[in-house]
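At the far end of the sequence shown sits residue 330, using our numbering, and the numbering has no gaps.
The structure under discussion appears below in the form of structure tokens.
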Amino acid sequence: MVATHTTRATLPPDAAGPRAGHPGRRGLSPQAEGMLALLVTVSIWAAFALSARALSGSSLLPADAALLRFGVPLVVLFPALWRRRRAIAAVRPGPAVKIVCGAGVPFFLAAMHGGALTSAAFVGSIVPGMVPLFVSLIMIRRGHGAPRGTQAAGLALIAAGVAALVWRYVVPVDTDVLLGAGTLLVASGLWALYTVGLREVDLDPIGSIGLLCLPSFAVIGVLVLTGVLPTGIAHAAGRDIALFLVVQGLGVGLCAGLLYAFAIRRLGAERSAVFGSLSPVAVVLLAVPLLGETPTFAVLVGVPLITAGVVLANRRPRPKVPADA
Numbered sequence: 006m007v008a009t010h011t012t013r014a015t016l017p018p019d020a021a022g023p024r025a026g027h028p029g030r031r032g033l034s035p036q037a038e039g040m041l042a043l044l045v046t047v048s049i050w051a052a053f054a055l056s057a058r059a060l061s062g063s064s065l066l067p068a069d070a071a072l073l074r075f076g077v078p079l080v081v082l083f084p085a086l087w088r089r090r091r092a093i094a095a096v097r098p099g100p101a102v103k104i105v106c107g108a109g110v111p112f113f114l115a116a117m118h119g120g121a122l123t124s125a126a127f128v129g130s131i132v133p134g135m136v137p138l139f140v141s142l143i144m145i146r147r148g149h150g151a152p153r154g155t156q157a158a159g160l161a162l163i164a165a166g167v168a169a170l171v172w173r174y175v176v177p178v179d180t181d182v183l184l185g186a187g188t189l190l191v192a193s194g195l196w197a198l199y200t201v202g203l204r205e206v207d208l209d210p211i212g213s214i215g216l217l218c219l220p221s222f223a224v225i226g227v228l229v230l231t232g233v234l235p236t237g238i239a240h241a242a243g244r245d246i247a248l249f250l251v252v253q254g255l256g257v258g259l260c261a262g263l264l265y266a267f268a269i270r271r272l273g274a275e276r277s278a279v280f281g282s283l284s285p286v287a288v289v290l291l292a293v294p295l296l297g298e299t300p301t302f303a304v305l306v307g308v309p310l311i312t313a314g315v316v317l318a319n320r321r322p323r324p325k326v327p328a329d330a
């Protein structure tokens, strides 16, 4: 963290020298910290998209992956979550519902089901790619102004890129792919709720993970115990369990949860959602050697459109400097 003031109030910030205890270091600005956190988060999201597609070919079922996704963070963070139990319990119902539904069981099952019907490129493009549009719609509904200029153009390109991904499955109709794409759109809308909900709670990143994982793990547990969702984790291959434990539990559940919440507090919900849409490129590149997927013409057109839209939508006009400054 960058110090906001020095110990010698009579001197300007630059005159006080390096921060105490850190000779020669000035640290990162809040914006740089947020961008670094988002870069790591995007990499983890790429792994999430790959695992969503790989789940259909593994010995694990969606409920098994969900148990790892929401259970591992609870085990790792239990002491810290216990200290925050009162703050978590005090969260208002509205924001809590947005977080629990937006990134909890409904989102997870929608993303996994959509990935099983489509491809890693679809998961990595549609889920994070459409979030900026959904976030903008939420902000407009709350009375914020509509996006203008380059931001509006960027959001339009993102929508065009997603349309390019699915157009070849419309004629002739491929019901499985279209159903999968529609399910991924639902997952993207839910993630937008989560993104906005994080801004409405007075919790640190660890508390936010607890608010998400505690009810989500409980719901998955009840669904498994009552037989609503089947489980095969007792007979699953150790390799599959280890893979999803690392990617879903430690990566998505713990690291990405902490880093994304941190980035939102540094950069804001809209900018975090837009920058997060850069993950499609990483997904497409990694899916070739890891899953054997060959990028189709639609992917080669849609992903660059989404990426270009992200670049435009992420631009912010520079504040005008007064003439007498």
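Ideal Cβ positions, reconstructed from N, Cα and C, are used throughout, including at glycine.
Given the structure is predicted, the values throughout are model-derived calculations rather than measurements.
Query                                                                                                            : Result
Whole runs of the beta strand (DSSP E) within the region 185-250, excluding any shorter than 3 residues          : none
Whole-angstrom distance between V293 and L183, CA atom to CA atom                                                : 22 Å
Spatial distance of V227 from A266 (CA atoms)                                                                    : 27 Å
Nonlocal neighbours in the same chain, by C-beta distance under 7 Å from T56, ignoring five residues either side : The residue you asked about is not Thr; residue 56 is Ser in the sequence shown. Only F249, V252, Q253 meet the Cβ criterion.
Boundaries of the alpha helix (DSSP H) in which W87 is found, first to last residue                              : 83-88
Per-residue DSSP class, three states only, for H118                                                              : helix
Three-state class that DSSP yields for L162 in the structure shown                                               : helix
Candidates A168, G202, V47: closest to L190 by CA position                                                       : A168
Simplified DSSP state of G262, which is helix, strand or coil                                                    : helix
Beta-carbon separation (whole angstroms), A92 vs G212, contact threshold 8 Å                                     : 6 Å
A318 versus L138: straight-line alpha-carbon distance, rounded                                                   : 10 Å
Cβ neighbours of S48 in the same chain (closer than 7 Å, five flanking residues each side left out)              : A287
Closest by C-alpha distance to T312, when choosing among D207, G166, G273                                        : G166
Own chain, CB closer than 6 Å to Q156, minus 5 neighbours either side, in chain order                            : A318
Any alpha helix (DSSP H) of 4 or more consecutive residues that is wholly inside the region 95-156               : 98-108, 110-122, 125-134, 136-146
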